[in-house]
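Just so we're aligned, residue 170 is where the sequence shown starts under my numbering, counting upward by one. Don't be surprised by glycine CBs; every beta carbon is placed ideally from N, CA and C.
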Amino acid sequence: MFDSGFWLAILFFIEPFSAMFALLIYVATYVHHKITIHTLFAPIVGFSAPLIIYYAYSLWVNEVSIFTNLFIFNQFNEISFYTENNFYWIVIAIITLTFIAYFLKTPKALSVNNSFKKNWIILTFHILISIFFVLLIPEKTGVEFLFLIFPASIIVANGIEMVKNDLIKNAVFYLMLISAVLYTIL
């Protein structure tokens, strides 16, 4: 738990909006019924440790404004970047595949009462937080889309697993492979 807070703080230095992923730590703790005083405070202590060290460093070099700028969140910018440079088609394809796969797998995932159900709930929160992260980040470069790729790939893999026909599975797989190769070439 300490490590999750620690690495989230390191990510916070790179992109302050990533602090919203702290919610994922507490959702996972709640879903797995592991709520104790230690599991509640360990991520906070882990998150605070790098911040305190960075603040001390900022004081030492007399650049406290760099530290305080981490806590100034810019407003939402437009999302027109995703409609430029063929990036639009990748976004649409990933969203479509994820949406279809999510609704294929969710009824089965929630009908069982084991750890997969809990992990599916956590994955649902993960993709929702990632969507908000991608929309709220002020400087859109395409790199922030990687935060969405991880949960989307797990959902798509589980959705493809639900398809019974091997021909359709292979067609979807080869279509994704060919489109990735064509995107890099073109």
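Can you find the residues in the same chain that come closer than 7 Å, C-beta to C-beta, to residue i, ignoring five residues on each side of it along the sequence?
i, result
"V200", "K287, I290 and I291"
"I301", "The sequence given here places Phe at residue 301; Ile does not occur at that position. The answer, listed in chain order, is M189."
"V233", "S227"
"T208", "M170 and T198"
"F371", "Look at the range of the chain in this structure, 170 to 355, and you will see that residue 371 is not part of it."
"A278", "F285, K286 and W289"
Taking the alpha-carbon of residue i as reference, which of the options has the nearest alpha-carbon?
i, options, result
"A178", "I222, S348, N327 and I337", "I222"
"L317", "M331, F268 and K338", "F268"
"P185", "A211, V350 and V303", "V303"
"F216", "I324, V230, G174 and L346", "G174"
"P219", "I261, T205 and F182", "F182"
"S187", "E330, F242, T310 and S348", "F242"
"Y257", "I194, M345, V350 and G311", "G311"
"I213", "E308, D172 and N231", "D172"
For residue i versus residue j, is the C-beta distance shorter than 8 Å?
i, j, result
"I354", "L192", "no"
"L263", "A326", "Here the sequence assigns Ile to residue 263, which means Leu is not the residue at that position. No, the pair does not count as a contact, with Cβ atoms beyond the cut-off."
"I296", "I337", "no"
"V196", "F294", "yes"
By the 10 Å Cβ neighbour count, where 16 or more other Cβ atoms means buried, how is residue i classified, buried or exposed?
i, result
"T198", "buried"
"L266", "buried"
"I194", "buried"
"A211", "buried"
Leaving out the 5 sequence neighbours to the left and right, which residues in its chain are closer than 6 Å to residue i when beta-carbon positions are compared?
i, result
"G328", "A270, L273 and K274"
"I306", "F186 and E313"
Only counting the same chain, and skipping five residues up and downstream in sequence, which positions put a Cβ closer than 8 Å to that of residue i?
i, result
"K240", "Here the sequence assigns Phe to residue 240, which means Lys is not the residue at that position. Once the five neighbours on either side are set aside, the close Cβ partners of F240 are P185."
"I235", "S227"
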